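A short write-up of the structure that comes next.
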Amino acid sequence: MDVSRRSLVPHSRVEPGKRSFQKVPYVELFLGRLQGVVSSGSDATRVYVSFIKAGSGDFYCSTNNNRPCGGLRGSACKHIDALVTNAVAQFGPERVARYLGCSDPTKIRNAHDIHQQIGGTAHKEEASGVFSRFLDYLRYVELDASTEPRPEMAWFITG
Amino acid sequence: MTTLELPAGVQEAARLTAGLDRVVMQGFSRFDPKDPGLVELGDALAVSPLGTSFRDAVAALGRGELLAHHLATLAAARAGVEGARFDALAQVAAAALGVELVDVDEGPASPPDPAARALLDGAQQWLLEIALSGLGQLELAAVAPAVAGLRNLQEHPQLGRVAALLTGFVHELLDAVPTSGIAEPPTRRWVDLWSRALLSTVVLPGVPAERRVSGTFTPLGADLRHHEHLLACVVHGLLQVGGDDAPHLVRTTISAWRVDAIAGEEVWALLRATAPELIDALGKPRTFALDGAMLRATGDLVWPAKVAVGKGASPTTTSLAGARWTKPAPRDRHPLQLAIPLVGDRGRLDALASAGAALDMSGVSPYAALTEADVRAADGVVGLLRFDDGFFVQPLAATKGKSLLGPAGPIAASAKINKPVLGVLRERASKLLRA
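One line per chain: the protein sequences are A and B, in this order. Each residue of the first sequence is one higher than the last, beginning at 2 in the numbering used here. Each residue of the second sequence is one higher than the last, beginning at 13 in the numbering used here.
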């Protein structure tokens, strides 16, 4: 198949594996970061916003009220662990590894392999944007369904 | 059966648009008006109504007048060529399947309201910028700003189609940047999407004529299409309208916005929320007695909110001989919009394959749960005759003995989902917003 001559080019996207939405309701690869929202284990109204930067591997984790996570002691906390595990389930290990700039992404099998390669340090960075991205993401499921024709969707077959 | 021979000019026309596609990939900031690909396309268009405006637009871009309306002229020329290819292919396909083609005029377009106009202008500006850089040279910084504009497009009632398209295109590019790193970029696909999007920002789609119809609708099968944020289930079916001599092959579309976490069986639950009887009939085939339903001149049936479920149906043995299939509105014509339903047994699939349309599973959604092995072993199949650099058959459903394969399984399972992802996400959001 000559990809350059086809209108339909299937994404090589993997079907999401089993995720814990209760634990990690939101995970994305966006603006050079693997980032997401992780529920607190002890308080139902608290969440943590966690991220790992592509390339440097620097990471950070803070509450939605911008307080640093107590689990960050030079290495990644359990929230970041949960984030990586759920990212691997959602996007597949190779895509996550490639996005983060791991060497040899095709050899990455699981979250543990990714942790092995992330050499960054805790580095405070603005993260409130992630929480508003999560709310924006939820907005999609509030939009109205439609019975109108959508002919342009002929181009979109997977994803 | 007649062979599905490619009509004269179809492949040559593809070569002409490929010349323009290369330019869009390279970027108009490094534009050479003497680019051989463009010169050839310009020569081919010289005798057409678009000839003069195409030549003028190329000249203007060559002088450094990098304006959206010049690019829109090139996109319109490309769409004209694709429309002509569609017309030629549809003729061959309809003759091979024994269905009657019906032509339709472009309906009048309603003007966008001021808010819609402003949103379309914003989208157009972004489409101009990425064409200047070249779709093959895009960095994250060129694509990311488009995300912010999507929200308002999605919420505007006049802009559903362009919102569906741009949401898919923007997210596909976000996944692909930096695009210079892609070994085999999907050139034709991206320029299809780019040019379609650009033309969508110039004028809203025409509103086709419509009429109220009463009669029997038999769903044949569903073509499920989706990107990260939208599901569109196109149900193809046979409509026998009281008083009409021949039955119509019509489409009815149910679409729902989604997030990528809503996957697997749950996508059917999301669609069922809008049209429960229709979705269930894809699993347990039923006819519908329609009373005053809206049928567009383009062959699109607008699914009514209330329907009367009729008796059991047998999609894979329904005769489509002599049925009418309506072409899309002229501005929507593109080889990818060719999708004529067909019904048959294994022998028919074999005959189609030797005529030039082999079975191709690449357009079948993973949520449809239909495998190539299912189709090869089936007694009866519902499919679509389609075209993408060659004719192919895309299966929609299959029967083996008494069981219906394909989406029937996940549709049945979707009614019994215990803890839908959607519910968990909403619960989390409500706790957080109250905090």
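All residues carry an ideal CB built from backbone N, CA and C; glycine is no exception. Nothing here was measured: the structure is a model prediction, and the numbers come from that model.
Taking the beta carbon of glycine 172 (chain B) as reference, the chain A residues within 8 angstroms of it are Ser147, Glu149 and Arg151, listed in sequence order.
Counted as a single uninterrupted DSSP element, the beta strand (DSSP E) harbouring leucine 416 (chain B) occupies residues 415–417. Every beta strand (DSSP E) stretch that sits fully inside the region 316–390 of chain B and reaches 3 residues is listed by chain position as 320–324, 336–338 and 352–356. A distance below 6 angstroms between beta-carbons, with the five flanking residues on each side excluded, links valine 203 (chain B) to the following residues of its chain, in chain order: Asp33 and Val36.
DSSP places tyrosine 141 (chain A) outside any beta strand (DSSP E), giving it a letter other than H or E. Put simply, the CB of lysine 318 (chain B) is far from chain A, with every gap to its CB atoms at 9 angstroms or more. DSSP lists B:Asp235 and B:Thr265 as the beta-bridge partner residues of valine 246 (chain B). Per the C-alpha coordinates, the member of B:Ser212, B:Pro378 and B:Glu77 positioned closest to alanine 88 (chain B) is B:Ser212. Short of 7 angstroms from the beta carbon of serine 207 (chain B), and not among the five residues preceding or following it, lie these beta carbons of its own chain, in chain order: Ala87, Arg90 and Ala91.
Contact note: leucine 32 (chain A) reaches chain B through Leu152 and Ala156, using a C-beta cutoff of 8 angstroms and chain order.
When DSSP states are grouped into helix, strand and coil, glutamate 29 (chain A) belongs to the strand group.
Collapsing the DSSP output to three states places valine 48 (chain A) in a strand. Burial is judged here by how many other beta carbons sit within 10 angstroms of a residue's own beta carbon; alanine 441 (chain B) has at least 16 and is buried. Annotated as proximal: alanine 25 (chain B) and glutamate 94 (chain B), with beta-carbon spacing under 9 angstroms. Remark: three or more beta-carbon pairs, one from each stretch, lie closer than 8 angstroms, so the region 337–345 of chain B and the region 99–117 of chain B are flagged as touching. Contact between leucine 371 (chain B) and leucine 109 (chain B) does not hold, since the beta-carbon distance rounds to 15 angstroms and is not under 8 angstroms.
For histidine 82 (chain B), not one C-beta of chain A is nearer than 9 angstroms to its own C-beta. The DSSP-derived three-state label of serine 57 (chain A) is coil. Residues of chain A whose Cβ lies closer than 9 angstroms to the Cβ of threonine 265 (chain B) are, in chain order, Ser147, Thr148, Glu149, Pro150, Arg151, Pro152 and Met154. By the beta-carbon neighbour count (other beta carbons within 10 angstroms, threshold 16), glutamate 126 (chain A) is exposed.
With a threshold of 9 angstroms between beta carbons, valine 142 (chain A) makes contact with chain B.
Residues of the region 324–348 of chain B with a Cβ closer than 9 angstroms to any Cβ of chain A, in chain order: Pro340, Ala341, Asp344, His346, Pro347 and Leu348.
Here DSSP, grouped into helix, strand and coil, assigns glutamate 77 (chain B) to coil.
Annotation: glycine 71 (chain A) to valine 247 (chain B) spans about 53 angstroms, alpha carbon to alpha carbon.
For the 9 angstroms CB-CB criterion, leucine 302 (chain B) and leucine 350 (chain B) do not form a contact. Counting other Cβ atoms within 10 Å of its Cβ, glutamine 91 (chain A) reaches 16 or more and is therefore classed as buried.
Within chain B, the residues whose beta carbon sits less than 8 angstroms from that of tyrosine 138 (chain A) are Val271, listed in sequence order.
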